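J.: Dropping a structure here in structure tokens format, bear with me for questions.
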Amino acid sequence: MLIKKQQRFKSLISIIILSAAGIPALIVAIILITQLGDNNRTQVEDKIELKARMLSQQIEHKLELLTTNIDQLAHDQNIILATDNGVFGNAARNQMSVLLEHNSIVDFIQIYDIYNWPAESFPEQYSLMELTPVLETLTSIIKHKNFSSQVFMFYHKGINNVVNEYFNKTIYSEDQYIVVTAPLIKNTEGDPNQQQINGVILALVPISKFLKEMNLTDSQLVSLELEKKSTIAKQSNLPKYSKWMIKSWPVQIGQNTISLNYGEPLSIVTKPINRAILSFTLIVTIILASCVIFVIWITKRLSTPFNQMHELVTSYTQGDFDVSMPEIRYMEFRELADLLSNMAHTIFQNKEELEHKVKIRTNDLAKSNEELKLTLDKLNAMQEHLIESEKMSLLGKLVAGVAHEISTPIGISVTAISTLETYTDTLFEFVDSGKLTRNAMSDYIAKTSQLIPILLNNLNRAAELINNFKEVAVDQSSEDKRRFNLHDYIYEVLNSLQPQLKRYQISIEVNCDKNILMNSFPGAFAQIITNFMMNSMSHGFTQKQQHNISINAQIIQDQLEFVYSDDGCGIPQENINNIFDPFYTTKRNDGGSGLGLSIVRSIVHQKLQGKIKVIDTQQKGVKLVIFIPLTENIISAKKMTVNMN
């Protein structure tokens with residue numbers, strides 16, 4: 000069950016009041032501040048755009064004035080005749096000087112004859128400078144078939160290189176130019192309708208002069224750009240502001256359209272906006288702070304009864320039932336406090352009675368617990384005794400089997416010795432009577448030669464059985480560690496079980512590395528294997544059928560995996576989880592104790608520090624797997640597989 004996070008009633012009241020009053024006010028304030036900012040920003044943008052348009056119109060006006068003046072000069076006879084005769088040069092220069100006075104944006108004026116050679120220049124320092132980049136344009140004007148007067152205006156980006164080279168890169172090093180030119184048309188004497196082009200007049204306008212004519216302040220930014228966004232003019236020593244509000248307006252210069260970019264620092268243009276927003280925000284903050292103070296006051300006044308009730312209940316929970324009743328202002332809370340007081344005194348009385356009963360029952364439980372402890376100690380002692388008895392019973396079965404197995408070779412040996420003794424007594428009688436013949440001696444030797452091998456074979460067999468039994472029996476009764484070869488020890492245990500195995504038709508397959516050297520408890524392994532084998536014969540096999548047992552031992556990573564399996568009748572599904580329980584057996588009426596596999600599990604878990612589990616084989620035999628850690632049980636191992644049937 001999930002427990003929701005608890006909240007204070009005071010906090011809840013504050014949240015409700017603030018939500019009801021503060022949030023709508025805050026939303027309205029945010030909307031008004033946003034609208035105010037948007038409106039002011041729109042006004043500023045319109046103002047900057049108007050300024051950009053005015054500056055572009057100012058440029059266009061200056062260019063129109065220049066165009067008109069150039070057109071007037073192109074029709075002046077002194078200017079036209081200056082290309083033919085130097086006598087008119089002085090008058091032409093005076094006219095050009097007047098044009099420069101009225102057009103401050105013009106840098107210099109030149110007159111070119113029909114051969115593209117500069118005839119006159121003003122100021123005179125430009126008299127020897129030839130504007131090579133525009134010669135092609137001038138040639139096309141001179142060769143124009145229509146002699147009507149026309150003023151041409153165009154932007155050319157190569158002129159600044161000529162000017163820089165002419166003045167050794169000291170004047171106008173970064174400037175760009177606009178060229179204003181018109182053809183000089185001369186009327187033929189005697190025929191007014193016959194006209195010819197005598198040359199061209201051109202005025203060179205540095206774009207930078209437009210910026211100087213604008214009288215910009217440090218907080219104003221103007222730049223001129225072509226259609227491809229390449230800057231052709233900009234202010235020098237621009238003020239350092241991080242952000243600008245910029246608006247563009249087109250300026251038509253002949254066939255070229257130049258964009259005039261005008262901007263002002265964002266921090267300056269938005270300063271009135273920010274000041275208005277700040278003032279409005281301050282007012283809203285004061286209103287919200289007043290709301291918060293009011294909420295705190297009303298919350299404290301409303302939560303006072305709850306705090307008094309909380310202090311009263313806290314005193315009751317701490318066992319102070321004699322606390323005085325607080326002065327509560329509201330009648331409803333006063334009635335609730337009286338009910339709590341009555342309930343607290345009732346709880347106190349019940350608590351006293353309950354403690355008395357608990358004390359009595361605790362004493363009774365202490366006595367019962369002592370009795371249970373004694374009984375449990377007796378049961379544990381009895382269980383240990385039964386386990387030891389089971390071990391001794393298993394050892395007794397081994398002793399009985401070995402004794403039965405030894406009786407046959409010992410009996411044959413006794414019979415052979417008795418016969419040999421008879422033959423020897425007969426030989427001594429012949430010797431004592433002096434009737435010993437060669438034939439009698441040969442007969443004695445022949446019979447002795449037959450008995451001695453029989454006697455040796457049976458005695459060796461009995462000695463082997465005794466040695467195997469002694470090794471296994473001593474290990475099962477000992478609790479000490481020792482070194483042993485696991486492969487060889489498995490066979491020693493199997494040999495000690497031969498008397499029991501002979502009663503069944505059993506084929507045993509052992510797959511074990513011959514080089515696994517253990518430093519562990521051999522008796523533990525003997526008891527494990529013996530219990531597995533006895534269980535298979537008692538619960539899984541019949542004496543009339545052929546059965547198979549498989550024992551596999553191998554090193555896997557950091558542990559020894561020991562697997563025992565048979566092909567007996569298996570374990571029913573409902574019993575498979577109970578086979579390791581103490582005293583659980585399905586053959587109690589046939590003498591089963593139910594301690595065999597319980598002892599095995601105890602040995603694996605406690606003595607070998609390992610794990611054991613049974614694999615469900617769907618009632619087709621039994622498969623038991625034991626995992627033993629290598630840290631303290633294995634000395635060395637090398638992979639090898641050995642099969643035995």
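Note that numbering that gives the first Met the number 0 numbers the sequence shown so that position 457 is 456, with each residue one more than the last.
Glycine is no exception: its CB is placed at the ideal position from the N, C-alpha and C atoms.
Just so you know, these numbers come straight off a predicted model, no measurement behind them.
#1: What does the alpha-carbon distance come out to for the pair Phe87 and Ile79?
#2: Considering Arg482, what are the terminal residues of the beta strand (DSSP E) in which it resides?
#3: In three-state terms, what does DSSP make of Asp83?
#4: Between the alpha carbons of Leu516 and Lys612, how many angstroms are there, rounded?
#5: Which whole-angstrom value describes the C-beta separation of Leu287 and Ala51, a residue pair presumed to lie in contact below a C-beta threshold of 8 Å?
#6: Label Glu263 either buried or exposed according to how many other C-beta atoms from any shown protein chain fall within 10 Å of its C-beta, with 16 as the threshold for buried.
#7: Rounded to whole angstroms, what's the CA-CA distance from Phe540 to Lys366? Just pull it up for me.
#8: Is it right to say Asp512 is buried, meaning 16 or more other beta carbons lie within 10 angstroms of its own, or is it exposed?
#9: Around the C-beta of Pro271, are 16 or more other C-beta atoms found within 10 angstroms, so that it is buried, or is it exposed?
#10: With H, G and I counted as helix, E and B as strand and the rest as coil, what does DSSP make of Asn647?
#11: Going straight from the alpha carbon of Glu369 to that of Gly522, what length do you get?
#12: Terminal residues of the continuous alpha helix (DSSP H) containing Ser96?
#13: To the nearest angstrom, how far is the alpha carbon of Ile295 from that of Ile26?
#14: Which first and last residues belong to the beta strand (DSSP E) in which Pro117 is found?
#15: DSSP puts Glu508 in a beta bridge; with which residues?
#16: Can you grab the Cα-Cα spacing for the pair Phe626 / Glu560, in whole Å?
#17: Which residues mark the beginning and the end of the alpha helix (DSSP H) in which Glu212 is found?
#18: Enumerate in chain order the residues of its own chain whose CB-to-CB distance from Ser247 is below 7 Å, with the five nearest sequence positions on each side excluded.
#19: Answer yes or no: do Val562 and Asn547 have a C-beta to C-beta separation smaller than 8 Å?
#20: Does any residue of chain D have a CB that is nearer than 8 Å to the CB of Leu62?
#21: Name the two residues that bound the continuous beta strand (DSSP E) containing Pro628.
#22: Going by DSSP, name the residue or residues bridged to Asn260.
#23: Buried or exposed for Phe531, please, with buried defined as at least 16 other CB atoms from any protein chain shown within 10 angstroms of its CB.
#24: Are the Cβ atoms of Ile104 and Lys208 separated by less than 8 Å?
#25: Three-state secondary structure (DSSP) at Thr180?
#26: Closest by CA to Glu44, which one among Ile110, Ser120, Ile32 and Met244?
#27: Closest to Thr138 by C-alpha separation, out of Leu65, Tyr125, Ile113 and Thr414, would be which residue?
#28: Could you pull the start and end residues of the beta strand (DSSP E) that Leu559 belongs to?
#29: DSSP beta-bridge partners for Asp112?
#30: Among Val509, Asp557, Ser564 and Ile570, whose alpha-carbon lies nearest the alpha-carbon of His538?
#31: Can you confirm whether the segment 450-457 touches the segment 413-429 when touching is taken to mean that 3 or more C-beta pairs between the two stretches lie within less than 8 Å?
#32: Mind checking which residues open and close the alpha helix (DSSP H) that includes Leu500?
#33: State buried or exposed for Gly567, treating a residue as buried only when at least 16 other CB atoms are found within 10 Å of its CB.
#34: Since Lys610 is in the beta strand (DSSP E), which residue starts that stretch and which ends it?
#35: Counting only the same chain and skipping the five closest in sequence on each side, list residues whose C-beta sits under 6 Å from that of Ile292.
#36: From Leu281 to Asn273, what does the alpha carbon distance come to, in whole angstroms?
T.: From the atom records:
#1: As a first step, residue 87 is located in the sequence shown; it is residue number 88 there, counting from the start. As a first step, residue 79 is located in the sequence shown; it is residue number 80 there, counting from the start. So the alpha carbons of these two residues sit roughly 9 Å apart.
#2: Start at 1 with the first residue of the sequence shown, and residue 482 comes out as number 483. Looking at the DSSP string, the run of the beta strand (DSSP E) that includes Arg482 is Arg481 to Asn484.
#3: Here residue 83 corresponds to residue number 84 of the sequence shown, with the count starting at 1. It is coil, neither helix nor strand.
#4: Within the sequence shown, numbered from 1, the residue matching residue 516 stands at position 517. Within the sequence shown, numbered from 1, the residue matching residue 612 stands at position 613. Roughly 24 Å separates the two Cα atoms.
#5: Here residue 287 is taken as the residue at index 288 of the sequence shown, counted from 1. Here residue 51 is taken as the residue at index 52 of the sequence shown, counted from 1. That belief does not hold up - the Cβ atoms of Leu287 and Ala51 are roughly 41 Å apart, past 8 Å.
#6: Your numbering for residue 263 matches position 264 in the sequence shown. By the neighbour-count rule (16 or more Cβ atoms within 10 Å), Glu263 is buried.
#7: The residue labelled residue 540 in the question sits at position 541 within the sequence shown. The residue labelled residue 366 in the question sits at position 367 within the sequence shown. Near 51 Å, if we compare the C-alpha coordinates of Lys366 and Phe540.
#8: Within the sequence shown, the letter at position 513 stands for residue 512. So Asp512 counts as buried.
#9: Numbered from its first residue, the sequence shown carries residue 271 at position 272. Pro271 should be labelled exposed.
#10: Residue 647 is absent from the structure shown; the chain starts at 0 and stops at 644.
#11: Taking the sequence shown and counting its residues from 1, the one referred to as residue 369 is at position 370. Taking the sequence shown and counting its residues from 1, the one referred to as residue 522 is at position 523. Roughly 37 Å separates the two Cα atoms.
#12: Position 97 of the sequence shown, counting from 1, holds the residue named residue 96. Residues Gly88 to His101.
#13: Locating residue 295 in the sequence shown gives position 296, where the first residue counts as 1. Locating residue 26 in the sequence shown gives position 27, where the first residue counts as 1. Going by the C-alpha atoms only, they are around 21 Å apart.
#14: To locate residue 117, count along the sequence shown from 1; it is residue 118. Element bounds for Pro117: Pro117 to Phe121.
#15: Here residue 508 refers to the residue found at position 509 when the sequence shown is read from its first residue. In the DSSP output, where bridge partners are listed per residue, Glu508 has Ser549.
#16: What you label residue 626 is simply residue 627 of the sequence shown in a count that begins at 1. What you label residue 560 is simply residue 561 of the sequence shown in a count that begins at 1. Whole-angstrom Cα-Cα distance: 5 Å.
#17: In the sequence shown, counting from the first residue as 1, residue 212 sits at position 213. Its alpha helix (DSSP H) spans residues Ile206 to Glu212.
#18: The residue you call residue 247 lines up with position 248 of the sequence shown. Answer for Ser247: Ala51, Ser258, Leu259 and Asn260, listed in chain order.
#19: Counting from one through the sequence shown, the residue named residue 562 turns up at place 563. Counting from one through the sequence shown, the residue named residue 547 turns up at place 548. No, Cβ-Cβ distance for Val562 and Asn547 is not below 8 Å.
#20: Protein chain content of the structure displayed is limited to a single chain, and chain D is not contained in it.
#21: Locating residue 628 in the sequence shown gives position 629, where the first residue counts as 1. Pro628 -> beta strand (DSSP E) spans Val621 to Pro628.
#22: Within the sequence shown, numbered from 1, the residue matching residue 260 stands at position 261. Its beta-bridge partners are Ser222 and Ser247.
#23: The count along the sequence shown starts at 1 and reaches residue 531 at position 532. Phe531 comes out buried.
#24: As a position in the sequence shown, residue 104 is number 105, starting the count at 1. As a position in the sequence shown, residue 208 is number 209, starting the count at 1. Yes.
#25: As a working note, residue 180 is residue 181 in the sequence shown. If DSSP states are grouped into helix, strand and coil, Thr180 belongs with the strands.
#26: The sequence position of residue 44 within the sequence shown is 45, counting from 1. Taking only the C-alpha atoms, the option nearest Glu44 is Met244.
#27: To locate residue 138, count along the sequence shown from 1; it is residue 139. Closest option to Thr138, Cα to Cα, is Ile113.
#28: By one-based count along the sequence shown, residue 559 stands at place 560. Gln558 to Asp565 is the extent of the beta strand (DSSP E) around Leu559.
#29: On the sequence shown, residue 112 is found 113 positions in, with the first residue counted as 1. According to DSSP, which records beta bridges pairwise, Asp112 is partnered with Gly198.
#30: Translated into the one-based positions of the sequence shown, residue 538 becomes position 539. The option with the nearest alpha carbon to His538 is Ile570.
#31: yes
#32: For the purposes of this step, residue 500 is taken as the residue at position 501 of the sequence shown. Taken as a continuous stretch (DSSP letters only), the alpha helix (DSSP H) holding Leu500 covers Gln497 to Leu500.
#33: Here residue 567 corresponds to residue number 568 of the sequence shown, with the count starting at 1. Gly567 should be labelled buried.
#34: Residue numbering aside, residue 610 sits at position 611 when the sequence shown is read from its first letter. Lys610 to Ile614 is the span of the beta strand (DSSP E), which, as asked, contains Lys610.
#35: Taking the sequence shown and counting its residues from 1, one reaches residue 292 at position 293. Excluding sequence neighbours, Ile292 sits near nothing in its chain.
#36: Here residue 281 refers to the residue found at position 282 of the sequence shown. Here residue 273 refers to the residue found at position 274 of the sequence shown. Taking the straight line joining both Cα atoms gives about 12 Å.
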